[in-house]
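Its first residue numbered -7, the sequence shown is counted upward by one per residue in the working numbering. Ideal Cβ placement from N, Cα and C applies to all residues, glycine included.
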Amino acid sequence: MKAMHPYAIDAPERKMIPLVIAAVAIMSAWLLNVGLEKLRIAMPWWVDAPSVMGFYGIIYILFDKYLWRLEWLHRLGLIRTPILAGSWVGTLTSSFEPDTSKNARLRIIQSWTKIEISLLTDTSQSHSLVASILSTTSNGMILSYQYQNDPIPNTPDTMQIHYGTAKLVLVENKLEGEYYSGRGRQNTGALSFVRSSKLEE
């Protein structure tokens, strides 16, 4: 399995949220110091009370992994990053065999700042290298990514490691779009998936 990587998005929250977290961190550090003084609690010399940077780091990690998924943040429009994480099942139709669709599974692991997109068929598996999300198009949210495709063992010799791009449009609970494999294969095709389950990580 490849590692998660950063992804770009046009949502304005990427600039706003760090400022909000910084403000919360400053307030948290101040309240902690006030509380310790009120309670007359002296921290041992070998223990440092969390600083503003410490609070910022803790809150940022929690937000990046969990808090950004809170439903009420999305309902209020504070978070516009779509939650794509989960297992998606569907089909892949290649220009090599336009009359035959292959079963395919798409697995997306996502945090607020990083993502990993894996596509598995009976002959190969691909992993995303870079990705971007357009959240404000009239056609729906668009997920675009570049990938590396690796044939699984015992597949035909015509299957080779190659690179390509894919573009998927999210409409309700479906991801549909197309892919293009680069030099060496010159293959295009259609992709269609529905979400089968959500992943928590």
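Going by the CB atoms, is the gap between Thr180 and Glu164 shorter than 8 Å? The sequence position of residue 164 within the sequence shown is 172, counting from 1. The sequence position of residue 180 within the sequence shown is 188, counting from 1. Not a contact, by the Cβ cut-off of 8 Å.
Once the 5 residues before and after Lys(-6) are set aside, which same chain residues still bring their CB inside 7 Å of it? Residue mapping note: residue -6 aligns to position 2 of the sequence shown, counting from 1. If we look at Lys(-6) and ignore the five residues flanking it on each side, its Cβ neighbours are Glu108 and His119.
Nearest residue (CA-CA) to Gln178, options Ser189, Ala96, Tyr52 and Tyr155: Against the sequence shown, residue 178 aligns to sequence position 186. Residue nearest to Gln178 within the set Ser189, Ala96, Tyr52 and Tyr155 is Tyr155 (criterion: CA-CA distance).
Given 8 Å as the limit, is there contact between the segment 129 to 142 and the segment 3 to 19, that is, 3 or more CB pairs closer than that? no
Quick check on the burial criterion: 16 or more other C-beta atoms within 10 angstroms. Buried or exposed for Thr73? Taking the sequence shown and counting its residues from 1, one reaches residue 73 at position 81. It counts as buried.
Proximal residues to Tyr52 (C-beta, below 6 Å), its chain only, five neighbours per side dropped: Position 60 of the sequence shown holds residue 52. Around Tyr52: Ile13.
Coarse secondary structure for Arg274, derived from DSSP in three states: There is no way to answer for residue 274, as the model of the chain reaches only from -7 to 193.
Evaluate contact between the segment 183 to 190 and the segment 73 to 92, counting only Cβ atoms and requiring at least three cross-stretch pairs below 8 Å. yes
Of all the options Ser124, Ala96, Tyr172 and Trp104, which has the alpha carbon lying nearest to the alpha carbon of Phe88? For the purposes of this step, residue 88 is taken as residue 96 along the sequence shown, with counting starting at 1. Considering only alpha carbons, the answer is Tyr172.
Closer than 6 Å by C-beta to Ser79: which residues in its own chain qualify, once you throw out the five before and the five after it? Chain order, please. Taking the sequence shown and counting its residues from 1, the one referred to as residue 79 is at position 87. Excluding sequence neighbours, Ser79 sits near Arg99, Ser188 and Ser189.
Cβ neighbour criterion (16 or more within 10 Å) applied to Gly82: As a first step, residue 82 must be located in the sequence shown, where it is residue number 90. With 16 or more Cβ atoms within 10 Å of its Cβ, Gly82 is classed as buried.
I'd like the list of long-range same chain contacts for Asp56, defined as Cβ closer than 6 Å, with 5 residues on each side in sequence excluded. To locate residue 56, count along the sequence shown from 1; it is residue 64. Only Ser103, Trp104 and Thr105 meet the Cβ criterion.
List, from N- to C-terminal side, the alpha helix (DSSP H) runs of 4 residues or more that fit wholly inside the segment 82 to 168. You should have found no qualifying run.
Helix, strand or coil, according to DSSP, for Gly78 in the structure here? The residue given as residue 78 occupies position 86 in the sequence shown. Of the three classes helix, strand and coil, the one that applies to Gly78 here is strand, per DSSP.
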